[in-house]
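Visitor: Structure in structure tokens, see below.
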Amino acid sequence: MTNTTITTVKYFIITGFPGLPPKHHSLVSALLFLLFLAILLGNVLILALIMYNDALWKPKYCILFHLAMTDLLFGFVTLPKVIAVYWWKAVVSPFAACFTQMYFVHSLGAVHSLILLMMSLDCFVAIWFPFRYAVVVTNKTIIIACNLCWILTFIRMMGIVLHALTLPYCNLNIIPQCYCDHVSVMQLACGENVEYVKKVAFGNSMVTLLVPLSFIIFSYSSIIVAVLKISQNDRRYKVLSTCIPQFTVTCLYYVPRCFVYIATDLGFELSGETRTIVTTMYSLMPAMLDPIIYCLKTKDIKETLMKNIRIGKIHVFK
146 MTNTTITTVK YFIITGFPGL PPKHHSLVSA LLFLLFLAIL LGNVLILALI
196 MYNDALWKPK YCILFHLAMT DLLFGFVTLP KVIAVYWWKA VVSPFAACFT
246 QMYFVHSLGA VHSLILLMMS LDCFVAIWFP FRYAVVVTNK TIIIACNLCW
296 ILTFIRMMGI VLHALTLPYC NLNIIPQCYC DHVSVMQLAC GENVEYVKKV
346 AFGNSMVTLL VPLSFIIFSY SSIIVAVLKI SQNDRRYKVL STCIPQFTVT
396 CLYYVPRCFV YIATDLGFEL SGETRTIVTT MYSLMPAMLD PIIYCLKTKD
446 IKETLMKNIR IGKIHVFK
């Protein structure tokens, strides 16, 4: 029988990127700060364009509004802490603060996944049932569906976090990650119920990831089939181009995650440093790139943005 020393952990130590030499801390913190500014400015721009332009009050842009909201909030939940770690050596995260961050990290990630599902379904209905689209997909139905995504997900994730709080935590309190997440925190838990809590959380994460992904794959596969049936090349491109932004942001979110899961399942073990870098990048890069993709690839948003820029120039020179 082994003895395990159990203490009441009052705080955790956030290390950021493990193994990063101190001489690079300033550079990394500056890059993270620029990333934070890009996420902030890009997503606030998208939110403002949709909110203050009646021409963009359409179902597909209501969905985009919620996607931008998840990206913006995720940046606020994660980046300030890791920037503080490198700028001010603020490595301590109080116990309650760490679990609160973990709750929002996983809740926002799950909501993001559901919003991407709604995007794919919006494209699916628009291409396969164009004459029914205006009846089935309305602003009201989209707003209700998006609100349900937020409410039900935050309730579900509360159970996961409360379940983790039932465990005792051993005297090691170092989290080799840029923010508190369930996997990292569970490595510090002890007691006979640890594996059960991990399995419940893993099952929940698989449902969160794979159920929406299954419907997304079905939707986009059906869209590709529908596009291939169109004989005219120009019409085919026009139909396909309406879903290119949605497909691109979906790939940004899912492809890196699936790569990590598949690589791990096949026995390709990633080092702690590599895993931290990869998970941080695939969590934060979509939040920065999504607004750029929509501004460049979506005609309505591009035209609205250019119109507002022209109006701004006119006001400046008056």
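Position one of the sequence shown corresponds to residue 146 (my numbering), numbered consecutively onward.
Every residue, glycine too, gets a C-beta built ideally from N, C-alpha and C.
Name the DSSP bridge partner or partners of residue 401?
Guide: DSSP lists no partner for residue 401.
Visitor: Are the CB atoms of residue 263 and residue 208 within a distance shorter than 8 Å?
Guide: Yes, these two residues count as a Cβ contact at 8 Å.
Visitor: Could you tell me the distance, in whole angstroms, from the CA atom of residue 362 to the CA atom of residue 309?
Guide: Using only the alpha carbons, I get a separation of about 32 Å.
Visitor: So within the region 207 to 256, which uninterrupted beta strand (DSSP E) runs reach at least 3 residues, ignoring any that extend past its ends?
Guide: 237 to 239, all fully within the region 207 to 256.
Visitor: Roughly how many angstroms separate the alpha carbons of residue 157 and residue 323, rounded to a whole number?
Guide: Using only the alpha carbons, I get a separation of about 12 Å.
Visitor: Let's see if you can read the secondary structure: which residues bound the beta strand (DSSP E) around residue 158?
Guide: Unbroken beta strand (DSSP E) run through residue 158: 156 to 159.
Visitor: Give every residue of the same chain whose Cβ lies closer than 7 Å to the Cβ of residue 170, excluding the five residues on either side of it in the sequence, and list them in chain order.
Guide: If we look at residue 170 and ignore the five residues flanking it on each side, its Cβ neighbours are 231.
Visitor: Apply the 10 Å Cβ neighbour rule to residue 462 and answer buried if 16 or more other Cβ atoms are within range, or exposed otherwise.
Guide: Legend: pLDDT at residue 462 = 44, less than 50; position of this residue unreliable, value from coordinates given subsequently. When all chains shown are included, residue 462 counts as exposed.
Visitor: With distances taken between CB atoms, is the gap from residue 284 to residue 233 smaller than 8 Å?
Guide: For residue 284 and residue 233, no; Cβs fall outside 8 Å.
Visitor: For residue 204, collect the residues of the same chain with a Cβ closer than 8 Å to its Cβ; drop the 5 residues on either side in sequence, then sort them by chain order.
Guide: Within the same chain, residue 204 has close Cβ partners 267, 282, 283, 284, 286, 287.
Visitor: Can you tell me which of the three DSSP states residue 382 falls into?
Guide: Of the three classes helix, strand and coil, the one that applies to residue 382 here is helix, per DSSP.
Visitor: Buried or exposed, going by whether 16 or more other CB atoms sit within 10 Å of the CB of residue 292?
Guide: So residue 292 ends up on the exposed side.
Visitor: Could you compute how far the alpha carbon of residue 188 sits from the alpha carbon of residue 372?
Guide: If you take the alpha carbons of residue 188 and residue 372, they lie about 31 Å apart.
Visitor: When DSSP builds the beta bridges, which residues end up paired with residue 197?
Guide: Beta-bridge pairing links residue 197 to no other residue.
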